[in-house]
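>
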Amino acid sequence: QKEVEQNSGPLSVPEGAIASLNCTYSDRGSQSFFWYRQYSGKSPELIMFIYSNGDKEDGRFTAQLNKASQYVSLLIRDSQPSDSATYLCAVNGSSNTGKLIFGQGTTLQVKP
Amino acid sequence: DAGITQSPRHKVTETGTPVTLRCHQTENHRYMYWYRQDPGHGLRLIHYSYGVKDTDKGEVSDGYSVSRSKTEDFLLTLESATSSQTSVYFCAISARRGTGELFFGEGSRLTVL
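Protein sequences, first through last, are from chains A and B. Using my numbering, you'd call the opening residue of the first sequence number 553 and step up by one each time. Using my numbering, you'd call the opening residue of the second sequence number 176 and step up by one each time.
Structure representation (structure tokens):
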């Protein structure tokens, strides 16, 4: 059973701080990794993807991948109240068909 | 906006009745997916399609069937709905051929009494 694990939270950070969200996965053959953001009552939206070991930055977001340790993380710098949402980690297996395995999500609360 | 619409958006039905959810896309994407989302389980893949008449099972396919007779429409059918199928159902398309860069529809909330 391929699994993706996330701490459900809530993770609470003050406005302006760095939020760090973590995810581990069980399938060592996984090829690509995704972070989706989901506001309450809304559909998930893709915010970051990473395919290679290391860091990938996009604005205030940085995705980090460590395949040897089988974890992927998302850093949100200068957190804003509008970042308050559930963040879903997802992993694409070696077949690369877009059949994602999702974690349960981490709820982030950014307090003004 | 990836041009994905789901219908119906809300439905209440009774155990044992058939239900069909429709996903319609306007941008000719080849890969389409049906996920369900439940508290404590996150999103789980039910079925996916990689072309007209080409479909395959996901991790929670029991009790569901799908059809794709046209590129733009992907139908999810519950032949005989059960209370365990009460969920929010999301359709998604792959923005880039078979990658996990998915765009989701707005979701269909199904309640089975």
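For every residue, glycine included, the Cβ atom is placed at its ideal position computed from N, Cα and C.
If R197 (chain B) and E281 (chain B) are in contact, beta carbons under 8 Å, what's the gap, nearest whole angstrom?
The pair is not a contact, with the Cβ atoms about 13 Å apart (cut-off 8 Å).
> Would DSSP call P566 (chain A) helix, strand or coil?
In the three-state reduction of the DSSP assignment, P566 (chain A) falls in the strand class.
> Can you tell which of B:I268, B:I221 and B:R205 has its C-alpha closest to the C-alpha of K228 (chain B)?
Closest by alpha carbon: B:R205.
> Name the DSSP beta bridge partners of R284 (chain B), please?
B:H185 and B:V263
> Can you tell me where the beta strand (DSSP E) with K232 (chain B) in it begins and where it stops?
D229 to K232
> Can a CB atom of chain A be found closer than 8 Å to the CB of F249 (chain B)?
no
> List the residues that DSSP assigns as beta-bridge partners of G226 (chain B).
B:D229
> Using three-state DSSP, classify S255 (chain B) as helix, strand or coil.
S255 (chain B): coil per DSSP, three-state reduction.
> Could you check how far apart the C-beta atoms of V241 (chain B) and L250 (chain B) are, in whole angstroms? I think they sit under 8 Å.
Yes, V241 (chain B) and L250 (chain B) are in contact; Cβ-Cβ is about 6 Å, under 8 Å.
> Are Q616 (chain A) and D630 (chain A) close, meaning C-beta to C-beta below 8 Å?
no
> Do the stretch 632-648 of chain A and the stretch 258-272 of chain B make contact, defined as three or more Cβ pairs closer than 8 Å?
Contact fails: fewer than three Cβ-Cβ distances are below 8 Å.
> Counting only beta-carbon separations shorter than 8 Å, does E202 (chain B) have a partner in chain A?
The C-beta of E202 (chain B) comes no closer than 8 Å to any C-beta of chain A.
> Does D635 (chain A) come out as helix, strand or coil in the three-state DSSP assignment?
Shown here, D635 (chain A) sits in a helix according to DSSP, grouped into three states.
> Check the Cβ-Cβ distances between K651 (chain A) and every residue of chain B, and say whether any is below 8 Å.
Between K651 (chain A) and chain B, the shortest Cβ-Cβ separation is below 8 Å.
> Assuming contact is defined by CB atoms lying nearer than 8 Å, are Q212 (chain B) and G238 (chain B) in contact in what I supplied?
no
> Which chain A residues are close to G233 (chain B), counting only those with a beta carbon under 7 Å from its beta carbon?
At a C-beta separation below 7 Å, G233 (chain B) has these neighbours in chain A: K651.
> On the three-state DSSP scale, how would you describe R589 (chain A)?
strand
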